[in-house]
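Working notes, beginning with the structure itself.
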Amino acid sequence: MSIILMLALTVIVVWGMAPAIYGQEKPKPEAPGFTISRAVVGTGLEDREPVGVADTFSATTERVYCFLEANEIEKDTEVSLVWFHGETEMLKISLPLQMGPRWRTYAYKNLRGMKGDWKVEIQDASGALVKEVTFKVE
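First residue of the sequence shown? That's 2 in the numbering used here, and the numbers climb one at a time after it.
Below, the structure is given as structure tokens:
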């Protein structure tokens, strides 16, 4: 292979990589295709609504529910509720959201007396964080 041909190929390769080398703009993540109008943690559900909603729960509380209400759902999709105790992931549950103006769903977690800071991350189908709910067990 001639030197000129090798030089030309090198220039083409480097030119093709230039956007990556010089900070090509990353595409913005897409919106999830729905909004979360309500996300709370409580001790139960009655008539498909959360009860015992609080930011702090007693260590004797056996189970808590994360309830969410989504609106303006553009297409059938799913969300994941990811439960963390401190920084440790404890549980991940995927739940469907059906296309339409409103959808309510929930997941629960048995606390097993584990005191400390908790959070539930609500993630869209791509795993992007949409909302976070925090609570404490004392």
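Ideal placement from N, C-alpha and C gives every residue a C-beta, glycine not left out.
- Rounded to whole angstroms, the gap between the alpha carbons of cysteine 67 and isoleucine 94 is 11 Å.
- Close CB contacts of glycine 53 within its chain, under the 8 Å cut and outside five residues either way in sequence, are with Gly43, Thr44, Gly45 (chain order).
- Membership of phenylalanine 35 in any beta strand (DSSP E) is not indicated, and neither H nor E is assigned to it by DSSP.
- For serine 81, the uninterrupted beta strand (DSSP E) run begins and ends at 78-86, by DSSP.
- Runs of beta strand (DSSP E) with 3 or more residues, each lying fully within the segment 105-139, are found at 117-124, 130-138, listed in chain order.
- Annotation: serine 81 to glutamine 99 spans about 14 Å, alpha carbon to alpha carbon.
- Collapsing the DSSP output to three states places threonine 89 in a strand.
- Judged by DSSP secondary structure, valine 65 falls within the beta strand (DSSP E) whose first and last residues are 64-74.
- In the structure shown, serine 59 adopts coil according to DSSP, grouped into three states.
- The beta carbon of arginine 39 is closer than 6 Å to those of Glu70 in its chain, skipping five residues each way along the sequence.
- With contacts defined by Cβ atoms closer than 8 Å, threonine 89 and alanine 126 do not form a contacting pair.
- Sixteen is the threshold: since fewer than 16 other Cβ atoms of the shown chains lie within 10 Å of the Cβ of alanine 32, the residue is exposed.
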